[in-house]
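Note that full-length UniProt numbering gives residue 55 to position 55 of the sequence shown, counting from 1, and the numbers run on in steps of one.
Beta carbons are placed, not taken as given, at the ideal position from N, Cα and C, and that holds for glycine.
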Amino acid sequence: MGNASDDERGFFPQRPIQPLAKAKSSKEEPSEEKPHYLGHRDRLRERFAAAGADALPDYELLELLLFRLIPRADTKPVAKALLARFGTLAEVLGAPIALLQEVKGIGPAVALDLKVVAATGQRMARGEVRGREVLSSWTQLLDYCRSAMAFEEREQFRILFLDKKNALIADEVQQVGTVDHTPVYPREVIKRALDLSATAIILVHNHPSGDPTPSRADIEMTKEIVDAAKRLGIAVHDHIIIGRKGYSSMKGLLLI
């Protein structure tokens with residue numbers, strides 16, 4: 001077990017001062033060779049700089065990220081172990097901190113750093129949507145919703161509030177439920193839309209099981225919201241269900 005002042009990244013913020021080593025004479029043994037992974041890191045950085053991210057498989061892109069987080073270790077085994085455990089790079093970044101720490105080489109500090117990277121990516125994806133006409137930026141909208149919700153362990157019910165030009169006014173998680181259920185109250189949905197002067201909304205929720213197929217309860221709840229919104233001149237453009245295996249659109253399925 002390491003000291004309390006160090007962590008798995010190899011940083012040692014407080015160390016006792018060591019006496020300076022005596023200069024080696026020419027007859028002494030040469031200094032120890034540099035770790036083998038340092039050359040690998042340089043080569044991988046050069047490939048990324050020359051050819052871009054598309055030229056690298058997921059494990060090498062994850063390695064590049066881990067270089068910064070774990071500066072004094074070979075990160076290739078760690079990157080491969082993460083992908084073996086969670087499946088894809090997106091699933092690694094979407095995994096909960098507790099599960100990340102179950103992978104050898106990942107402690108609390110690196111797990112938190114990975115979640116910061118994930119949050120940064122989500123913020124970038126949201127920036128691609130905010131202020132734009134949402135219906136013409138549908139792919140970006142789906143990318144954002146998937147990055148924000150696909151790997152959550154509990155169901156979330158999210159509402160995207162739009163103005164009369166279908167630009168995003170607000171994006172809010174209204175409810176968080178269990179692994180297979182989220183309580184949704186149509187009256188609260190409509191009240192919040194009126195508070196924000198929204199003229200249209202898009203409903204989004206995730207299925208932690210991974211299967212985005214809408215349930216009977218999902219369909220009935222959506223119809224209640226559509227009926228209540230219609231009476232007040234608020235359009236419900238769609239209800240999107242996000243899963244790890246993809247997404248479902250209730251409008252596309254002709255369910256609303």
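Cα-Cα separation, residue i to residue j
| i | j | result |
| --- | --- | --- |
| V189 | P208 | 22 Å |
| R85 | L194 | 44 Å |
| L114 | E152 | 15 Å |
| K230 | D238 | 13 Å |
| G107 | R216 | 41 Å |
| Q175 | A55 | 40 Å |
| S136 | K251 | 16 Å |
| K164 | T139 | 20 Å |
| V236 | T222 | 9 Å |
| G127 | E91 | 21 Å |
| S31 | P71 | Residue placement at S31 is poorly supported in this model, since its pLDDT is 49, which falls under 50; the coordinates are not used for a value here. |
| L44 | I97 | 27 Å |
| D42 | R68 | 13 Å |
| G52 | H40 | 17 Å |
| K191 | L141 | 24 Å |
| Y185 | A198 | 18 Å |
| L253 | G246 | 14 Å |
| D218 | E224 | 10 Å |
| A228 | A49 | 54 Å |
Nearest residue (CA-CA) to residue i, options the options
| i | options | result |
| --- | --- | --- |
| G210 | G243, P183 and I225 | G243 |
| L89 | L64, A167 and G107 | L64 |
| L196 | V134, A217, I234 and D218 | I234 |
| I169 | Q175, I202 and G94 | I202 |
| L61 | P71, R47 and A73 | R47 |
| A95 | R41, K251, Y59 and A118 | A118 |
| N166 | R192, K191, W138 and V134 | V134 |
| L93 | G105, V116 and P77 | V116 |
| P57 | I70, G87, P71 and V184 | G87 |
| Y59 | P77, K245 and R192 | P77 |
| A73 | D218, G246 and G105 | G105 |
C-beta contact flag for residue i and residue j at 7 Å
| i | j | result |
| --- | --- | --- |
| V103 | A81 | yes |
| P214 | S249 | no |
| L162 | A200 | yes |
| V204 | C145 | yes |
| I182 | E155 | A small correction: the amino acid at residue 182 is Thr; Ile does not occupy that position in the sequence shown. Cβ distance < 7 Å, so T182 and E155 count as in contact. |
| V173 | R158 | yes |
| G177 | S147 | no |
| L100 | A109 | no |
| residue 260 | I256 | The displayed coordinates of the chain run from 1 to 256. Any statement about residue 260 would go beyond what the structure contains. |
| L83 | T75 | no |
| A206 | M149 | The sequence shown places Asn at residue 206, rather than the Ala named in the question. Yes, Cβ-Cβ distance for N206 and M149 is below 7 Å. |
| D143 | L160 | no |
Unbroken stretches of the alpha helix (DSSP H), 4 residues or longer, contained in the segment 71-128: 76-86, 89-94 and 97-100
Inside the UniProt domain "MPN" (134-256) only - alpha helix (DSSP H) runs reaching at least 4 residues: 138-149, 186-195 and 216-231
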